[in-house]
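**Student:** Take a look at the following structure, please.
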């Protein structure tokens with residue numbers, strides 16, 4: 009692992025504390041898209057609704073900051089971030105973010121040179137945007153790694169989980185882990201050994217580095233890996249993925265991966281998996297990099313953050329999980345559906361009206377983050393500073409305000425950023441009529457109904 013340590017130090021000026029995830033894009037039949045990812049709402053969660061921990065209804069005994077805990081005869085530390093305006097009667101999601109070799113808990117918590125935008129691999133920013141209560145934890149590995157000798161690090165995880173459940177109000181059905189490189193290896197060890205405690209994990213450019221004690225139970229699993237990774241070759245990530253393809257009863261397949269030099273990614277959502285236990289594989293044209301950006305580069309603007317957030321939040325206990333493409337959006341005046349022409353997935357494709365036909369290009373999910381998601385991975389957006397006449401088009405889901413919408417009781421759909429209405433251009437009703445933003449007029453061409 010010396011090579012990985014050198015690379016981590018070399019990249020630190022750019023990504024100092026980066027570590028992120030990947031995404032999903034493929035239909036239940038295994039169809040893959042090579043443009044950009046987003047999310048996939050999968051089979052409904054087979055687990056029970058929210059199960060509050062013993063810390064619920066009590067004054068919290070823990071506060072945000074660096075905490076020390078005894079585990080295995082050692083003093084171990086972790087950084088805790090409790091949501092602002094914490095409510096001891098609300099059961100919170102709990103997320104553990106594991107650092108890479110040579111990284112630290114502070115790198116994960118702070119977001120490094122990208123700061124808040126990359127804190128906890130970008131998930132903290134998205135949780136705040138969605139007002140979605142999540143407790144974040146960044147554990148510190150011994151020697152800045154996760155060797156897990158004699159399951160020492162798993163014992164540390166157990167101790168943290170017990171302390172957090174007792175001291176705070178935690179939804180015990182909503183415990184997640186994710187990490188990059190060595191942190192991905194630790195997340196995989198958790199998936200193998202603690203599937204009865206953790207709901208899902210995301211493993212970014214990982215390998216079997218921290219062991220796999222058990223490895224026979226199902227758990228929702230998301231793996232991401234660069235095809236040109238020269239630190240932990242992509243085959244190591246495939247091997248981890250295949251453990252849970254088997255455990256989760258998914259249909260065996262060889263997921264497509266992007267060509268070298270394409271600077272794109274392909275996400276595959278495995279079919280046939282046991283309900284509530286999806287397996288997702290995201291391969292990208294890049295190296296040992298947690299935050300790849302299509303077209304080149306890396307950083308917090310990667311497509312991965314929104315995808316991982318949606319992967320985890322689909323298991324929300326407090327509401328039914330979103331179903332990918334579960335509603336049609338029908339114009340009141342035209343009786344036609346909000347449609348993406350010819351089922352294209354190309355960024356910037358403007359939405360239009362078309363006869364309702366039940367196709368995937370007409371099936372939308374209104375997510376907890378106020379996004380209108382099509383194909384499970386593309387979001388309806390309008391760009392920053394958009395005004396009247398701006399096309400409503402599909403883009404990679406980014407979690408940014410220009411992709412957020414308010415679905416209103418009066419039938420209008422308004423852009424959260426500008427307040428302008430989703431509008432059928434020129435009050436048109438014919439097939440192919442373009443859809444745009446416009447000042448709200450009360451016209452029937454600005455009224456829509458969502459229909460399953």
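Residue numbers (my numbering): 9 to 460.
Beta carbons: idealized from backbone N, C-alpha and C, even for Gly.
Treat the numbers as computed from the prediction; the structure is a model and nothing was measured.
Helix, strand or coil: how does DSSP classify residue 390 here?
**Tutor:** In this structure, residue 390 counts as coil in the three-state DSSP scheme.
**Student:** Going by the beta-carbon positions, is the gap between residue 394 and residue 445 smaller than 7 Å?
**Tutor:** In this structure, residue 445 lies closer than 7 Å to residue 394 by Cβ.
**Student:** Is residue 185 closer than 7 Å to residue 195 when the C-beta atoms are compared?
**Tutor:** In this structure, residue 185 lies closer than 7 Å to residue 195 by Cβ.
**Student:** Check each candidate in 366, 232, 293 and name the one with the smallest Cα separation from residue 315.
**Tutor:** Nearest of 366, 232, 293 to residue 315, Cα basis: 232.
**Student:** Count the other C-beta atoms from every protein chain shown that fall within 10 angstroms of the C-beta of residue 229, then say buried if there are 16 or more, exposed otherwise.
**Tutor:** Answer is buried; the Cβ neighbour count reaches 16.
**Student:** Does the distance from the C-beta atom of residue 432 to that of residue 346 stay below 7 Å?
**Tutor:** No, these two residues do not count as a Cβ contact at 7 Å.
**Student:** Taking DSSP as the reference, what is the three-state secondary structure of residue 231?
**Tutor:** Strand, per DSSP.
**Student:** Under the three-state reduction of DSSP, which class applies to residue 73: helix, strand or coil?
**Tutor:** Residue state, collapsed to three classes: strand.
**Student:** Is it the case that the Cβ atoms of residue 1 and residue 272 are separated by a distance below 7 Å?
**Tutor:** Residue 1 falls outside the range modelled here, since the chain spans only 9 to 460, and no answer is possible.
**Student:** Three or more beta-carbon pairs under 8 Å between the segment 120 to 133 and the segment 96 to 106, yes or no?
**Tutor:** The segment 120 to 133, when compared against the segment 96 to 106, does touch it at the 8 Å Cβ threshold.
**Student:** Which residues bound the alpha helix (DSSP H) around residue 242?
**Tutor:** Taken as a continuous stretch (DSSP letters only), the alpha helix (DSSP H) holding residue 242 covers 242 to 255.
**Student:** Quick check: the Cα distance between residue 411 and residue 385, rounded to an integer number of angstroms?
**Tutor:** Taking the straight line from one Cα to the other gives about 13 Å.
**Student:** Report buried or exposed for residue 97, applying the criterion of at least 16 other Cβ atoms within 10 angstroms of its Cβ.
**Tutor:** Result: exposed.
**Student:** Expressed to the nearest angstrom, what Euclidean distance is found between the alpha-carbon atoms of residue 90 and residue 210?
**Tutor:** Cα to Cα, the separation comes out at about 21 Å.
**Student:** CB-CB under 7 Å to residue 434, same chain, minus the five flanking residues each way: which ones, in chain order?
**Tutor:** Nothing meets the Cβ criterion.
**Student:** Rounded to whole angstroms, what's the CA-CA distance from residue 254 to residue 200? Just pull it up for me.
**Tutor:** Their backbone Cα atoms lie some 12 Å apart in a straight line.
**Student:** Check the DSSP bridge columns for residue 337 and list the partner residues they point to.
**Tutor:** According to DSSP, which records beta bridges pairwise, residue 337 is partnered with 458.
**Student:** Assuming residue 183 and residue 169 are in contact, meaning their beta carbons sit under 8 Å apart, how far apart are those beta carbons, in whole angstroms?
**Tutor:** Contact holds; Cβ gap of about 7 Å.
**Student:** Which first and last residues belong to the alpha helix (DSSP H) in which residue 200 is found?
**Tutor:** Residues 190 to 201.
**Student:** Please check the pair residue 364 and residue 338, which I expect to be a contact at CB under 8 Å, by giving their CB distance rounded to whole angstroms.
**Tutor:** With a Cβ gap of about 7 Å, residue 364 and residue 338 count as contacting.
**Student:** Which of helix, strand or coil does DSSP assign to residue 312?
**Tutor:** The answer is helix: DSSP assigns residue 312 an H, G or I state.
**Student:** In three-state terms, what does DSSP make of residue 127?
**Tutor:** In this structure, residue 127 counts as helix in the three-state DSSP scheme.
**Student:** Helix, strand or coil for residue 162? Go by DSSP, reduced to three states.
**Tutor:** Reduced to three states, the DSSP call for residue 162 is helix.
**Student:** Pull up the DSSP beta-bridge partners for residue 358, would you.
**Tutor:** Paired residues: 401.
**Student:** Going straight from the alpha carbon of residue 359 to that of residue 443, what length do you get?
**Tutor:** Cα to Cα, the separation comes out at about 5 Å.
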